[in-house]
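Following: one structure in structure tokens, then a few remarks.
Number of protein chains: 2
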Amino acid sequence: MEETTFAVLGTGGIGRRMLEVSRHKEGLTPVAACDRHGTTIDFDGLDVDELLAATEGNIDSEVATDGGAATADGEGVKQHGEDRGVVASEQARPSDDPIQDVIDHGEGIDAVLLALPNYEHDFIPRVADRFLEGGYAGVMVDVLKRSRVIGMLDDREGAFEEAGITFVCGAGATPGLLTGAAALAAQSFVEIESVEIRWGVGLESGYEDNRGTVREDIAHLPDYDIETARELSADEIEAIVDDHDGVIEFEDMEHADDVLLERAGVCDAEDVTVGGLLDVRSDEKPTTTTVTVTGTTFDGEQGTNTFQLDDATSMAANVNGPALGYLRAGVRRNRAGEYGVVGPAELMPRF
Amino acid sequence: MEETTFAVLGTGGIGRRMLEVSRHKEGLTPVAACDRHGTTIDFDGLDVDELLAATEGNIDSEVATDGGAATADGEGVKQHGEDRGVVASEQARPSDDPIQDVIDHGEGIDAVLLALPNYEHDFIPRVADRFLEGGYAGVMVDVLKRSRVIGMLDDREGAFEEAGITFVCGAGATPGLLTGAAALAAQSFVEIESVEIRWGVGLESGYEDNRGTVREDIAHLPDYDIETARELSADEIEAIVDDHDGVIEFEDMEHADDVLLERAGVCDAEDVTVGGLLDVRSDEKPTTTTVTVTGTTFDGEQGTNTFQLDDATSMAANVNGPALGYLRAGVRRNRAGEYGVVGPAELMPRF
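Residue numbers (this note's numbering), protein chains in the order written: chain P, 369 to 719; chain V, 369 to 719.
Laid out in structure tokens, this is it:
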């Protein structure tokens with residue numbers, strides 16, 4: 369397979385680590401990165417070391433709006449003199465519309481990784497609209513978790529097909545890695561009874577870098593939704609964390625794992641349950657991330673196959689490797705002329 | 369993805385179960401099957417029920433030679449009057465060269481599943497040669513395990529590319545399913561230290577149907593090789609089984625898992641070890657089939673991810689589902705114009 373070039377939209381925790389992990393992958397070249405403050409584009413490949421050093425601590429937890437220019441003061445955004453966010457890198461320049469910069473250079477970009485916050489659940493779909501309007505043809509990848517976003521992307525299926533866009537949704541640890549594992553584990557069976565995905569995340573040292581993720585997780589709690597979670601101040605989030613003694617349990621999450629496994633023909637969405645334990649005060653995982661797939665074999669036996677991630681593997685490690693892998697699988701599909709919306713489990717061998 | 373048609377060469381244990389499991393898969397139509405005695409071809413789809421009923425117990429453990437007509441008496445081949453093997457089915461007719469029959473109808477066959485014995489380790493490559501000579505363009509899939517066969521297929525890479533053949537090798541439980549799992553489990557890491565594949569098979573009730581597999585496994589024991597194993601009489605095999613009290617342990621097997629994981633860029637072949645326990649006197653697995661992948665994350669942590677198959681899943685269940693899945697993934701590649709030799713882990717998202 370040929371060389372793959374990619375852009376990262378967003379240089380927060382996820383975006384920066386995507387760049388870092390891509391250095392370990394052969395044939396995968398980051399050529400563009402942006403945040404709300406500016407853009408860096410270099411088709412010879414970005415200088416990832418310089419960019420990471422310059423943007424260290426560049427975690428912008430303010431609520432994003434339309435993917436255009438900054439609309440509010442960023443809390444926690446690193447500043448070098450006048451320069452904010454990615455512009456602190458000497459490769460980057462300020463921009464009034466960083467996303468448009470990337471779209472304008474889309475011809476040399478095989479794939480675009482959306483590492484943007486998603487407090488408004490239509491934010492990613494609206495960014496996709498901008499790429500559609502801008503005439504981009506290629507792969508777009510998000511690492512989202514919420515089922516309803518998939519539906520919004522599905523509404524654009526025809527537009528993606530016409531444009532030549534292959535949109536890979538939910539390509540991170542979950543749904544990404546874990547639905548991939550479920551699709552694989554399902555291969556012993558001709559009938560699936562249940563897929564249970566239970567994750568554990570210990571986030572003490574990564575807490576500062578992942579406040580956006582924690583905010584999104586809070587939106588999954590029974591008393592909250594995306595709208596109320598985005599209204600929360602940092603103090604209110606701290607209060608919620610305190611109320612739970614730092615360990616928040618999630619049951620029956622509205623995670624896209626269910627619809628993505630159904631799309632891939634693995635099982636019915638209603639047979640999938642997702643839950644997890646988040647500990648923001650320890651780096652130890654409060655529970656081992658486990659996928660269990662129970663089904664019946666062709667010869668009538670019931671069994672349960674399991675996939676487990678070691679507690680020593682961070683959420684970051686389990687997001688970034690898979691996302692880049694699915695990105696490449698998406699590029700292969702795109703080059704073969706297969707466009708539209710596709711989930712990670714559909715990129716597995718179609719069992 | 370469009371409808372996929374496939375042929376099965378060989379109607380022993382593996383071939384018959386492929387047909388059976390394919391009934392549970394949408395969009396996958398068996399259109400041809402053959403053994404050394406005859407052929408059945410129907411582009412409307414075979415009547416699998418009739419074929420399975422007619423060929424029940426149709427396990428031919430004699431040593432195959434050139435894929436052409438029968439050369440020796442088949443022991444254990446079911447006979448209905450004059451008809452032997454697949455010819456016992458009313459859909460089939462006797463043939464002097466069943467493989468040629470399939471090749472002659474190759475235009476309507478997207479993929480050919482090679483469920484043939486492989487006592488001579490160049491048998492599958494020689495069958496591939498026949499498809500090359502016959503001008504077949506499409507997918508060929510084997511469920512072999514031995515590293516050296518991959519090398520022989522690699523020698524034909526140029527010929528496959530010219531012919532438009534995508535050859536998927538080792539698509540069964542192992543290497544197939546388990547190297548796929550290893551490729552997935554490796555995603556948390558940027559550097560892999562070791563992949564350990566340890567399988568357990570309990571084969572009491574399946575022993576009769578899997579004598580070919582047992583013979584092949586014996587060839588992996590320190591005192592045997594493919595040549596000496598094929599010389600063994602049924603009594604000699606029984607004596608070996610007795611010597612081990614029915615449970616044979618295999619260490620450092622010459623399994624293609626290593627070369628196939630290296631091909632897929634997951635790790636070096638030398639970091640892969642394969643071993644297992646075969647119990648022919650119990651259906652209980654003597655050990656749980658487990659894949660453990662140990663590596664280092666991008667953030668410097670060492671961890672081990674694991675994939676386990678429930679003891680209740682039979683070898684047959686773990687061979688046939690994955691093989692049909694990889695077959696479809698192969699067809700997708702083939703339709704995209706990607707030809708040559710490919711291993712199961714390469715059909716996973718290219719992480």
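Ideal placement from N, C-alpha and C gives every residue a C-beta, glycine not left out.
For residue i, three-class secondary structure by DSSP
i	result
residue 475(P)	helix
residue 431(P)	At residue 431(P) the pLDDT is 41, less than 50, meaning the model places this residue with poor confidence and gives no usable figure here.
residue 406(P)	strand
residue 485(P)	coil
residue 459(V)	coil
residue 564(P)	strand
residue 389(V)	helix
residue 448(P)	For residue 448(P), the pLDDT reaches just 46, beneath the cut-off of 50, and the residue's location in the model is therefore unreliable, although a value from the coordinates is still provided. In this structure, residue 448(P) counts as strand in the three-state DSSP scheme.
residue 381(P)	helix
residue 627(V)	helix
residue 717(V)	coil
residue 521(V)	helix
residue 654(P)	coil
residue 617(P)	strand
residue 528(V)	helix
Among the options, nearest to residue i - alpha-carbon criterion
i	options	result
residue 614(P)	410(P), 470(P), 653(P)	653(P)
residue 680(P)	620(V), 556(V), 625(V), 580(V)	556(V)
residue 516(V)	582(V), 409(V), 464(V), 621(V)	621(V)
residue 646(V)	568(V), 591(V), 389(V), 530(V)	568(V)
residue 407(P)	701(P), 638(P), 468(P)	468(P)
residue 514(V)	391(V), 661(V), 627(V)	627(V)
residue 617(P)	395(P), 501(P), 655(P)	655(P)
residue 512(V)	673(V), 525(V), 584(V)	584(V)
residue 636(P)	560(P), 575(P), 703(P)	560(P)
residue 478(P)	699(P), 710(P), 455(P), 718(P)	699(P)
residue 675(P)	685(V), 659(V), 682(V)	659(V)
residue 631(V)	671(V), 518(V), 526(V), 678(V)	518(V)
residue 594(V)	623(V), 612(V), 694(V), 374(V)	623(V)
Residue i: first and last residue of the uninterrupted alpha helix (DSSP H) it sits in
i	result
residue 551(P)	546 to 553
residue 418(P)	416 to 422
residue 690(V)	683 to 703
residue 581(P)	579 to 586
Neighbourhood of residue i by C-beta, 6 Å cutoff - its chain only, sequence neighbours within 5 removed
i	result
residue 666(P)	558
residue 447(V)	Note that residue 447(V) scores a pLDDT of 45, beneath 50, so its modelled location is shaky; the value from the coordinates is reported in the next line. Hits under 6 Å: none found.
residue 572(P)	649, 650, 651
residue 391(P)	416
residue 455(P)	405, 406, 462
8 Å CB neighbourhood of residue i in its chain, flanking five on each side removed
i	result
residue 596(V)	587
residue 458(V)	418, 422
residue 638(V)	626
residue 582(P)	571, 575, 605, 609, 646, 648
residue 388(V)	416, 420, 688
Residue range of the unbroken beta strand (DSSP E) whose run includes residue i
i	result
residue 499(V)	Careful: residue 499(V) lies outside any beta strand (DSSP E), inside the alpha helix (DSSP H) at 491 to 501.
residue 510(P)	506 to 510
residue 558(V)	Taken as a continuous stretch (DSSP letters only), residue 558(V) belongs to no beta strand (DSSP E), as it is neither H nor E.
residue 679(P)	From DSSP, residue 679(P) is part of no beta strand (DSSP E); its letter is neither H nor E.
residue 739(P)	Only positions 369 to 719 of chain P appear in the structure, and residue 739(P) is not among them; the question remains open.
residue 609(P)	Taken as a continuous stretch (DSSP letters only), residue 609(P) belongs to no beta strand (DSSP E), being part of the alpha helix (DSSP H) at 602 to 611.
residue 596(P)	No beta strand (DSSP E) contains residue 596(P), which is instead part of the alpha helix (DSSP H) from 594 to 599.
residue 535(P)	533 to 536
residue 710(P)	708 to 710
Cutoff 7 Å; reference residue i; Cβ partners in own chain excluding five residues on either side
i	result
residue 707(V)	528, 529, 532, 533, 534
residue 520(V)	490, 493
residue 371(V)	395, 397
residue 570(P)	647, 650, 651, 652, 653, 654
Distance cut-off 6 Å: residue i Cβ against heavy atoms of the ligand FAD
i	result
residue 709(V)	With respect to the ligand FAD, the structure shown offers nothing to examine, as it has no ligands at all.
Checklist entry - the region 653 to 673 of chain P: which residues have C-beta closer than 8 Å to a C-beta of chain V, in chain order? => result 665, 666, 667, 669, 670, 671, 672, 673
Checklist entry - Just by C-beta distance, which residues in the region 681 to 701 of chain P are closer than 8 Å to chain V? => result 681, 682, 684, 685, 686, 688, 689, 690, 692, 693, 694, 696, 697, 700
Item to check | Members of the region 539 to 550 of chain V that neighbour chain P once the beta carbon cut-off is set at 7 Å | outcome: 545, 548, 549
Checklist entry - Residues in the region 614 to 630 of chain P with C-beta within 7 Å of chain V's C-beta atoms, listed in sequence order? => result none
Item to check | Cβ-based contacts, 8 Å cut-off: residues of the region 502 to 522 of chain P near chain V | outcome: none
Next on the checklist: Counting only Cβ-Cβ distances shorter than 9 Å, please list the residues of the region 578 to 601 of chain P near chain V, keeping chain order.
Outcome noted: none
Item to check | Cβ-based contacts, 8 Å cut-off: residues of the region 707 to 719 of chain P near chain V | outcome: 712, 715, 716, 717, 718, 719
Checklist entry - Mind listing which residues of the region 554 to 569 of chain V have their C-beta closer than 9 Å to chain P's C-betas, in chain order? => result 554, 555, 556, 557, 558, 559
Item to check | the region 466 to 494 of chain P: positions lying closer than 8 Å to chain V by Cβ | outcome: none
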